[in-house]
Each structure stands twice: as structure tokens, then as C-alpha cells.
Amino acid sequence: MFKSDSQSKDIFKISFNIQYKDINIFEEFFTEKVSAISVYEVKSKTLESQPKDIWCFEIYCDNQTNLVSLKKEVQELAKLNNIEITSDIISEEIENRDWVALYQNQLVPIQTNRFFICTTLHQDKCPKDKTLILIEASRAFGTGTHETTSGCIEALEYLKAIKANKILDIGTGSGILSFIAEKLWNEAEILACDIDNASVEIAKENASFNNSNIKFYQNTSENILLDSYYNDKFDLVISNILALPLIELSTQISNLMNKNGYLVLSGFLDNQLEDVRNAYEKIGFEVKEIIYKNSWVILIVAYYK
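Residue numbers for the sequence shown follow our numbering, beginning at 708 and rising by one.
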């Protein structure tokens, strides 16, 4: 995140690729010197990050003079620590704009068989035969356009005929999948959680746009449910997060399922499918349907144990 005093200034960025094992060295050196740091994975063959995986390291600053000196410091730090920079060091200026507002203006409404998903700016365009879902583009992930989100919506529509009295959405983000579930099973009790409190607050804001009764709360990686819901069991669980946490949470999720319940899983790529699938099949789940969205995968599984 950018420091608060940098929002009104021009923003400059340098970016370069390094190995995963070297990220901490750059983070420790630059954290107090710059406006923001961002890292993301470029290339990996495994679920868990490995020392030699390639990651992109981005440094943001608020003036061009700093940009020149920072680029020199990157080179010197790499040389001092015998670190290989595996790409060019790219410098660029980023236009200082209200990106959230711009994104909201440009966000194209999403239409499915049943739903019209949009921001409040486009709600008057909702066809009469569609159910309106309002989502404000913001810090929380999940606006309906990403392949995993749209694939999960397709999966929920596929499951619309099942009986689901209690539904849980793990990693709810903006709340979009919970709102879809609420429209499909309008008498169900629905809980939705996220480990990120900002997401929970944004989901609650979106709930007010959709006249929703969903109970949103912040969970931890150790405990999906709050103590007040500790003994609850669910007929349908939705989780659109990432491959590794899905695998790590598999046993915990199985303990939350009613027999003959259904689970919708996504947030992982086709080369991660077998790892996720095996984690759930070995504890009593059976794959019922696989939906592909480009390289992304959505699994629909049933719990019979």
C-alpha cells in the first residue's frame, strides 16, 4: 500500500525479476526508503514457492530523482549480495489518478443466465429478466470479471436445484458469490468470511446495496468458523481462494460439511488441479463436475463420507 502522503503526488516505478530467495534482502533494504513495494510470482512449477522461482519486485517512489538513485541502489545491492537480476530494470511513470473511480466507470456489467452484475453506475441497464447484483469495485477482490469468479457463478447456477439450508462462503472478498447464492437459495442461512478485514467491511457495504441478510465476519487460517457457529454444518460451501490454502483447509472444510453436501472450489490453475483434487478425494469428496475458464479451474465436488 502507498503511504498516505504519496497519494497527491506523481508516482514512479521500477521493476525487475529476481529469485524468490532474494526477496527479503530487497524488502529489508527498501521498505523505509520508498512509497510502496509490491512483489508477485512470475514463474513457478510448484504450489509452494521455491528458492529459485522467479518473482517480479516493484518499487514505487514519488519523484523522478529518487527513481534514478533507487535504480542505482538496486544494482549495487544485487552486486553486493551476489544476486542475479534476471530481467531488465524497467523505469516508468504511473499517472496519478483515482484508479478505483476510473475502474468503476470502465467496468462492463456481467450477464449470466440469471444475473446482471454491475456497479451502481450501471444498474439502470439491468434487463427485466435478470436479477440485479450490485458490487462496487474496490480493494476487495472479486468483481465478477475474473475467470474464477465467473466460473463459480456458473457452478452455483449448475447446483441451483440442490437443497441448501445452510451455506458458507470462505474467502468472500467483495461478497459477490454469497449474494449469488442468496438469490438462488433465498431461504438459506448464509455465512461468509475472509481473513482480510478490509474485505469483510467492503462485503458488508455491498450487502447494503443488495438488501442482503448474509452474516459476514473475519476468520483466521486456524479457524474458519467463529465460536458462535462452531457446531454448524453446511449443505453448500464455496471457496474461491488459492490452491495451497484450499489444500491446507481440506480437512477443516470436510468437518463443516453435511453428508451429501456440495463444495465449489476455485482460485487455482489447471496445472494445480490434481493436487487440489487429490486432497479432497482422499477424505471423502467425489468430483461431480469440472469447469475450465482459460487456464483456471472450478471444481464441483460432493461429500458422501
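C-beta atoms are modelled at their ideal positions from N, C-alpha and C, and glycine is treated no differently.
Since I believe residue 942 is in contact with residue 871 (beta carbons under 8 Å), could you give me their beta-carbon distance rounded to a whole number of angstroms? Translated into the one-based positions of the sequence shown, residue 871 becomes position 164. Translated into the one-based positions of the sequence shown, residue 942 becomes position 235. Indeed they touch by this definition, with Cβ atoms about 4 Å apart.
Under 8 Å Cβ to Cβ from residue 820, same chain only, skipping five residues before and after it: list those, please. As a working note, residue 820 is residue 113 in the sequence shown. Here the set comprises 864.
Three-state secondary structure (DSSP) at residue 994? As a position in the sequence shown, residue 994 is number 287, starting the count at 1. Three-state result, residue 994: strand.
Enumerate in chain order the residues of its own chain whose CB-to-CB distance from residue 1001 is below 7 Å, with the five nearest sequence positions on each side excluded. Residue mapping note: residue 1001 aligns to position 294 of the sequence shown, counting from 1. So the qualifying residues of the chain are 854.
Per the contact definition of three or more C-beta pairs closer than 8 Å, is the segment 984–991 in contact with the segment 953–964? yes
Rounded distance between the beta-carbons of residue 796 and residue 723, thought under 8 Å: Along the sequence shown, read from residue 1 onward, the residue named residue 723 stands at position 16. Along the sequence shown, read from residue 1 onward, the residue named residue 796 stands at position 89. Their Cβ separation, rounded to whole angstroms, is 5 Å, which keeps residue 723 and residue 796 in contact under 8 Å.
Cβ of residue 721 within 8 Å of Cβ of residue 777? One-based indexing of the sequence shown puts residue 721 at position 14. One-based indexing of the sequence shown puts residue 777 at position 70. Yes. Within cutoff.
Secondary structure of residue 865, DSSP reduced to three states: Taking the sequence shown and counting its residues from 1, the one referred to as residue 865 is at position 158. Looking at residue 865 - three-state DSSP - the assignment turns out to be helix.
With C-beta atoms as the reference, is residue 856 less than 8 Å away from residue 843? The sequence position of residue 856 within the sequence shown is 149, counting from 1. The sequence position of residue 843 within the sequence shown is 136, counting from 1. For residue 856 and residue 843, no; Cβs fall outside 8 Å.
For residue 927 and residue 728, the rounded distance between their alpha carbons: Numbered from 1 along the sequence shown, position 21 holds the residue referred to as residue 728. Numbered from 1 along the sequence shown, position 220 holds the residue referred to as residue 927. Looking at the two C-alpha atoms, the distance is approximately 27 Å.
Does the distance from the C-beta atom of residue 765 to that of residue 742 stay below 8 Å? Counted from its first residue, the sequence shown places residue 765 at position 58. Counted from its first residue, the sequence shown places residue 742 at position 35. Result no, Cβ atoms of residue 765 and residue 742 do not sit closer than 8 Å.
For residue 906, report the span of its alpha helix (DSSP H) as first-last. The count along the sequence shown starts at 1 and reaches residue 906 at position 199. First-last of the alpha helix (DSSP H) with residue 906: 904–916.
According to DSSP, residue 745 sits in a beta bridge with which residue or residues? If you number the sequence shown from 1, residue 745 lands on position 38. In the DSSP output, where bridge partners are listed per residue, residue 745 has 765.
In whole angstroms, give me the CA-to-CA distance for residue 747 and residue 949. Locating residue 747 in the sequence shown gives position 40, counting from the first residue. Locating residue 949 in the sequence shown gives position 242, counting from the first residue. Approximately 14 Å, taken between the alpha carbons.
Rounded to the nearest angstrom, what separates residue 1006 and residue 726 at their Cα positions? Counting from 1 along the sequence shown, the entry for residue 1006 is found at position 299. Counting from 1 along the sequence shown, the entry for residue 726 is found at position 19. Using only the alpha carbons, I get a separation of about 32 Å.
With H, G and I counted as helix, E and B as strand and the rest as coil, what does DSSP make of residue 950? By one-based count along the sequence shown, residue 950 stands at place 243. Helix, per DSSP.
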